[in-house]
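*Asks:*
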Amino acid sequence: ESQLNPNYNFTNFVEGDSNRLARSAGMAVANKPGGTSFNPLLIYGGVGLGKTHLGHAIGVEIKDKYPDKTVLYISSEKFTQQFIDSVKSNTRNDFIHFYQMIDVLIIDDVQFLSGKTGTQDVFFHIFNHLHQNGKQVILTSDKAPVDMQDIEQRLLSRFKWGLSAELQAPDYETRISILQNKLFRDGVEMPEEIVEYIAKNIKSNVRELEGVIISMIAQASFNRKEFTLELAKQIVDKFVKNTKKEVSIDFIQKEVSKYFDMDVATLQSKTRKRHIVQARQLAMFFAKRLTKTSLASIGNQIGQRDHATVLHACKTVDNLTETDKQFRKYVEDLRKKLTF
Ligand code: ADP
Ligand code: MG
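Taking the numbering used here, the leading residue of the sequence shown gets 1, the next gets one more, and so forth.
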């Protein structure tokens, strides 16, 4: 069985500036699976932005156009579990064989393969086989390949072979369209003012946009109430409060300083002492990774440096992470501290 969800199709995937590239690349792949240079097609973006939806939509479309092709959608966790089970039951070869027979393989959330060397190894071989035989691979991830951690280099380099397309947070117009589309599909009418209120206040997650509508409908029907702005405000408030706050640059500087046993002023100082420079670069690197702050503003907040310095810091950290074991441990330790 393909494991595809027919409700996640192209028809109800609302197009906007934020997803146009990924959506049209997905369409191109669906028209000619294995026959475009988008192989693999890697769709990446933050949580709730439509990666899973688009992954299914490509598969559903292919099944529609090419009923004879075998299409399989699978999450990386399930793939990993199947692999582990196959090793335990001595059926590793069957596992590999099964995957090598597929025409279109859609693997969701490949960031979960990070650190799982056995699964990465087997996936590497499956990937090569499929690719060499002109089969289509579609991957989704919450990060761009350059930002993926603990994925083997040879696999990462293959992830970059085709096209990486980002799903961005939807702009206001697209948020309105998504809300209207959802309301239309649910056969519900809602005053424009309320739709606009929701679109103005829920910005970075399509799942939350839909969640607000679902709650509104549930609340209104349960309490036999009208859709009021008041109700929308209450529900939006709950969603906004529950969204985890991003870490602050202050917090990052404090944690990095503490980790290297220095104070924040030292970290920010103009010194060129190597261990201090490295601590500062790590703070900049994590500020870039974990916040939505611009390079210029990060530089400004971490010892009044310019954006080029921050960019250089991020590259240096990437390089050192790959070449220096001790440094990689710093990055891993700090990431744990900063992301809880
Ligand atoms: P992700 O896998 O990126 O976390 P999902 O694909 O699960 O996100 O999307 C979350 C919800 O938002 C799903 O219900 C999906 O149908 C919906 N969604 C996301 N993007 C769009 C879009 N462009 N148009 C319509 N619905 C969307
Ligand atoms: Mg998903």
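Every residue, glycine too, gets a C-beta built ideally from N, C-alpha and C.
1. To the nearest angstrom, how far is it from the Cα of Q168 to the Cα of G55?
2. Grab the span of the beta strand (DSSP E) containing S75 for me, first residue to last.
3. Identify the continuous beta strand (DSSP E) that holds Y44 and give its terminal residues.
4. Between the beta-carbon of A296 and the beta-carbon of V256, is there less than 8 Å?
5. Mapping the DSSP letters down to three states, classify A169 as helix, strand or coil.
6. Just curious, the beta strand (DSSP E) that L105 is in, first and last residue?
7. Closest to K270 by C-alpha separation, out of R305, A57 and E208, would be which residue?
8. Helix, strand or coil for V146 per DSSP?
9. Please name the residue in M262, L49 and I126 whose C-alpha comes closest to that of R207.
10. Mind the definition here: the stretch 306-324 touches the stretch 258-274 only if three or more C-beta pairs lie below 8 Å; say whether that holds.
11. Short check: CB of N205 to CB of V47, under 8 Å?
12. Closer than 6 Å by C-beta to L113: which residues in its own chain qualify, once you throw out the five before and the five after it? Chain order, please.
13. Please say whether S2 and V71 have beta carbons closer to each other than 8 Å?
14. State the CB to CB distance for the pair A341 and A232, rounded to an integer number of angstroms; the pair is presumed to be in contact (CB under 8 Å).
15. According to the Cβ coordinates, are L139 and I107 closer than 8 Å?
16. Is the stretch 213-226 touching the stretch 173-186 in the sense that three or more CB pairs, one from each, lie closer than 8 Å?
17. Near F285, what residues of its chain come up, given a Cβ to Cβ distance below 7 Å and the 5 sequence neighbours on each side ignored?
18. Give the straight-line distance between the Cα atoms of V264 and F251, rounded to the nearest whole angstrom.
19. Could you pull out every unbroken alpha helix (DSSP H) segment of at least 4 residues lying fully inside the stretch 261-285, listed in chain order?
20. Consider the C-beta atom of K343 and the heavy atoms of the ligand MG; say whether any pair is separated by less than 7 Å.
21. Between E193, H131, F222 and T117, which lies nearest to E230 when the distance is taken from Cα to Cα?
22. Pull the bridge partners of Q136 from the DSSP assignment, please.
23. Which residue comes first and which comes last in the alpha helix (DSSP H) that contains R224?
24. Tell me which same chain residues have a C-beta within less than 6 Å of the C-beta of L42, skipping the five on either side of it?
25. Where does L163 fall in DSSP's three states?
*Replies:* Taking the definition as stated:
1. Start at 1 with the first residue of the sequence shown, and residue 168 comes out as number 168. Start at 1 with the first residue of the sequence shown, and residue 55 comes out as number 55. Their Cα atoms are separated by approximately 15 Å.
2. Counted from its first residue, the sequence shown places residue 75 at position 75. For S75, the enclosing beta strand (DSSP E) stretches over residues V71 to S75.
3. Walking along the sequence shown from the start, residue 44 turns up at place 44. Per DSSP, Y44 belongs to the beta strand (DSSP E) from L41 to G45.
4. The residue you call residue 296 lines up with position 296 of the sequence shown. The residue you call residue 256 lines up with position 256 of the sequence shown. In this structure, V256 does not lie closer than 8 Å to A296 by Cβ.
5. Position 169 of the sequence shown, counting from 1, holds the residue named residue 169. Coil at A169, not helix or strand.
6. Sequence index remark: in the sequence shown, residue 105 carries index 105 (1-based). V104 to D108 is the span of the beta strand (DSSP E), which, as asked, contains L105.
7. Here residue 270 corresponds to residue number 270 of the sequence shown, with the count starting at 1. Minimum Cα distance to K270 is reached at R305.
8. Here residue 146 refers to the residue found at position 146 of the sequence shown. Residue state, collapsed to three classes: helix.
9. Along the sequence shown, one-based indexing puts residue 207 at 207. Closest by alpha carbon: L49.
10. no
11. Counting from 1 along the sequence shown, the entry for residue 205 is found at position 205. Counting from 1 along the sequence shown, the entry for residue 47 is found at position 47. The answer is yes: Cβ separation under 8 Å.
12. Locating residue 113 in the sequence shown gives position 113, counting from the first residue. So the qualifying residues of the chain are S76, T119 and Q120.
13. As a working mapping, residue 71 is identified with position 71 in the sequence shown. As a working mapping, residue 2 is identified with position 2 in the sequence shown. Against a cut-off of 8 Å, the Cβ pair of S2 and V71 comes out as a contact.
14. Any property of residue 341 remains undetermined from this structure, which presents the chain solely from 1 to 340.
15. Position 139 of the sequence shown, counting from 1, holds the residue named residue 139. Position 107 of the sequence shown, counting from 1, holds the residue named residue 107. The answer is yes: Cβ separation under 8 Å.
16. yes
17. Numbered from its first residue, the sequence shown carries residue 285 at position 285. Only residues of its own chain outside the window of five on either side were considered, and among them A313, C314 and V317 have a CB closer than 7 Å to the CB of F285, listed in chain order.
18. Within the sequence shown, the letter at position 264 stands for residue 264. Within the sequence shown, the letter at position 251 stands for residue 251. Taking the straight line joining both Cα atoms gives about 10 Å.
19. You should have 264-268.
20. A query on residue 343 cannot be resolved here, the shown segment of the chain reaching from 1 to 340 and no further.
21. Here the question's residue 230 lines up with position 230 in the sequence shown. Looking at the Cα atoms, E193 is the closest of the given residues.
22. Walking along the sequence shown from the start, residue 136 turns up at place 136. V104.
23. To locate residue 224, count along the sequence shown from 1; it is residue 224. Here R224 belongs to no alpha helix (DSSP H), and DSSP marks it neither H nor E.
24. Position 42 of the sequence shown holds residue 42. For L42, where only same-chain residues beyond five positions count, the Cβ hits under 6 Å are L139, F159 and S164.
25. Within the sequence shown, residue 163 is the residue found at index 163, counting from 1. Judged by DSSP in its simplified three-state form, L163 adopts strand.
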